[in-house]
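Report on one structure; see the data block that follows.
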Amino acid sequence: MTELRFVHLGFGPESVEYTEAWEEQRRVHAARFADEIDDTCLMVEHEPVYTAGRRTDPSERPLDGTPVIDVDRGGKITWHGPGQLVGYPIMKLPRPVDVVAHVRRLEEALIRTAAEFGLETTRVEGRSGVWVLGDPVEQRPRTGGLSLDFSVPAVDPRTGDDEFDARLHGPEYAPSNAGQRREDRKLAAIGIRVAKGVTMHGFSLNVNPDSTWFDRIIPCGIRDAGVTSLSYELGREVTIAEVLPVVERHLKDVLEHAELRPREIEAAGA
Numbered sequence: 008m009t010e011l012r013f014v015h016l017g018f019g020p021e022s023v024e025y026t027e028a029w030e031e032q033r034r035v036h037a038a039r040f041a042d043e044i045d046d047t048c049l050m051v052e053h054e055p056v057y058t059a060g061r062r063t064d065p066s067e068r069p070l071d072g073t074p075v076i077d078v079d080r081g082g083k084i085t086w087h088g089p090g091q092l093v094g095y096p097i098m099k100l101p102r103p104v105d106v107v108a109h110v111r112r113l114e115e116a117l118i119r120t121a122a123e124f125g126l127e128t129t130r131v132e133g134r135s136g137v138w139v140l141g142d143p144v145e146q147r148p149r150t151g152g153l154s155l156d157f158s159v160p161a162v163d164p165r166t167g168d169d170e171f172d173a174r175l176h177g178p179e180y181a182p183s184n185a186g187q188r189r190e191d192r193k194l195a196a197i198g199i200r201v202a203k204g205v206t207m208h209g210f211s212l213n214v215n216p217d218s219t220w221f222d223r224i225i226p227c228g229i230r231d232a233g234v235t236s237l238s239y240e241l242g243r244e245v246t247i248a249e250v251l252p253v254v255e256r257h258l259k260d261v262l263e264h265a266e267l268r269p270r271e272i273e274a275a276g277a
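According to the numbering used here, the sequence shown is numbered sequentially starting from 8.
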């Protein structure tokens, strides 16, 4: 692996429109594939935008017709915008390519970042990204005026009704209010693409965004959990400027020192 370099595309008043950054990703990807540059991570803050990965279901898009940019990464729909730090590591991986291992390395760097700020996060089985775990279901506050008789199990309509849409029920089930409901909530999302053995796209870390942007969609296609930010969880204003050098340090440590040996594949008939 080559040394990982960082390129800052723009933050705050100089935040970057999504398609402009996507075009820059393509340019850097081509240069990395040709070995004209080292592994490169583009760091950026975007203007508000919804992007939909290849697995996005129509029912997960905004109900009001808000424009969505369809992209060539994995995963589903998400939001990017002010207060969110986005990173696009463009790296050459060994063959056979292990996409899951790359995702786990990105998660690890972000878990370490949150820990440095005093926030414990983790992975959730079957759900990529970095999560703050909620309380056990039986200890969470009831929603919808449900009985407080804990001997009667509460039924969450988001999981018990395939046609239930939280966006039609006000703020009660809004993803941005998952912390108040003490549910699992996503701090950082990850969606990548590997083309010609080189990675594209990457991660988004919620630092201090207006999380109600997520309420117009089904974030990452997950209906029974929500979103959060460093500022919300820590109870203080955290800025991109504070977080940026910490993320870069942990990315550099994890990605440069990872064991990238190809997986051993058992021969047929062995």
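Cβ coordinates follow ideal geometry from the N, Cα and C atoms, glycine included.
Q: Note down the Cα distance separating Glu43 from Val78, rounded to an integer number of angstroms.
A: The sequence position of residue 43 within the sequence shown is 36, counting from 1. The sequence position of residue 78 within the sequence shown is 71, counting from 1. Whole-angstrom Cα-Cα distance: 25 Å.
Q | Start-to-end residues for the alpha helix (DSSP H) that takes in Val261 | A | If you number the sequence shown from 1, residue 261 lands on position 254. Residues Ile247 to His264.
Q.
Whether or not the region 200-219 and the region 79-96 are in contact is what I'm after, with contact meaning three or more pairs of Cβ atoms, one per stretch, closer than 8 Å; do they touch?
A. yes
**Q.** Tyr180 - containing beta strand (DSSP E), residue span
**A.** Reading the sequence shown from its first residue, position 173 is the one you call residue 180. It is not in any beta strand (DSSP E) - Tyr180 carries neither H nor E in the DSSP assignment.
Q. Mind checking Leu262: buried by the 16 CB within 10 Å criterion, or exposed?
A. Counted from its first residue, the sequence shown places residue 262 at position 255. Looking at its Cβ environment, which holds 16 or more other Cβ atoms inside 10 Å, Leu262 is buried.
Q. Span of the beta strand (DSSP E) holding Leu212?
A. As a first step, residue 212 is located in the sequence shown; it is residue number 205 there, counting from the start. Taken as a continuous stretch (DSSP letters only), the beta strand (DSSP E) holding Leu212 covers Val205 to Asn213.
Q) Does the Cβ-Cβ distance between Thr58 and Ile76 come in under 7 Å? A) Mapped onto the sequence shown, residue 58 falls at position 51. Mapped onto the sequence shown, residue 76 falls at position 69. Cβ atoms of Thr58 and Ile76: closer than 7 Å.
Q: Pull up the CB-CB distance for Val139 and Leu194, whole angstroms please, since I reckon it's below 8 Å.
A: Here the question's residue 139 lines up with position 132 in the sequence shown. Here the question's residue 194 lines up with position 187 in the sequence shown. That belief holds up - the Cβ atoms of Val139 and Leu194 are roughly 6 Å apart, short of 8 Å.
Q) So which of Pro20, Glu10 and Ala232 has the shortest CA-CA distance to Ala248? A) For the purposes of this step, residue 248 is taken as residue 241 along the sequence shown, with counting starting at 1. The residue with the shortest Cα to Cα distance from Ala248 is Pro20.
Q: Measure the CB-CB distance between Gly233 and Glu190 and report whether it falls below 7 Å.
A: Working through the sequence shown from its first residue, we reach residue 233 at position 226. Working through the sequence shown from its first residue, we reach residue 190 at position 183. Yes, the Cβ-Cβ distance between Gly233 and Glu190 is below 7 Å.
**Q.** Buried/exposed call for Val137, threshold 16 Cβ in 10 Å
**A.** Taking the sequence shown and counting its residues from 1, one reaches residue 137 at position 130. It is buried - the Cβ of Val137 has at least 16 other Cβ atoms within 10 Å.
Q) From Gly7 to Glu255, what does the alpha carbon distance come to, in whole angstroms? A) Since the displayed the chain opens at 8 and closes at 277, residue 7 lies outside it and no answer follows.
Q: Within the same chain, show all residues whose beta-carbon is closer than 7 Å to that of Phe40, passing over the 5 residues directly before and after it, in chain order.
A: For the purposes of this step, residue 40 is taken as the residue at position 33 of the sequence shown. Result list for Phe40: Lys203 and Val205, in chain order.
Q. Who are the Cβ neighbours of Ala265 in its own chain at under 7 Å, not counting the five residues just before and after it?
A. Locating residue 265 in the sequence shown gives position 258, where the first residue counts as 1. The residues are Arg112.
**Q.** Identity of the residues DSSP links to Asp77 by a beta bridge
**A.** Here residue 77 refers to the residue found at position 70 of the sequence shown. In the DSSP output, where bridge partners are listed per residue, Asp77 has Ala59.
Q) How would you write the range of the beta strand (DSSP E) that Leu92 sits in, first residue to last? A) Along the sequence shown, read from residue 1 onward, the residue named residue 92 stands at position 85. Unbroken beta strand (DSSP E) run through Leu92: Gln91 to Ile97.
**Q.** CA-to-CA distance, Val253 to Leu237, given in whole angstroms
**A.** Taking the sequence shown and counting its residues from 1, the one referred to as residue 237 is at position 230. Taking the sequence shown and counting its residues from 1, the one referred to as residue 253 is at position 246. Distance between the alpha carbons of Leu237 and Val253: 13 Å.
Q.
Given this structure, state the Cα-to-Cα distance separating Lys99 from Val51, to the nearest angstrom.
A. As a first step, residue 99 is located in the sequence shown; it is residue number 92 there, counting from the start. As a first step, residue 51 is located in the sequence shown; it is residue number 44 there, counting from the start. Taking the straight line from one Cα to the other gives about 21 Å.
Q | Beta carbon of Arg289 nearer than 7 Å to that of Thr235 | A | No answer is possible for residue 289: it lies beyond the span of the chain, which begins at 8 and ends at 277.
**Q.** Whole-angstrom distance between Pro55 and Ala116, CA atom to CA atom
**A.** Position 109 of the sequence shown holds residue 116. Position 48 of the sequence shown holds residue 55. Using only the alpha carbons, I get a separation of about 25 Å.
Q: Leaving aside the five residues before and after His36 along the sequence, list all residues of the same chain whose C-beta is less than 6 Å from its C-beta, in chain order.
A: The count along the sequence shown starts at 1 and reaches residue 36 at position 29. Ile97, Val205 and Met207, listed in sequence order.
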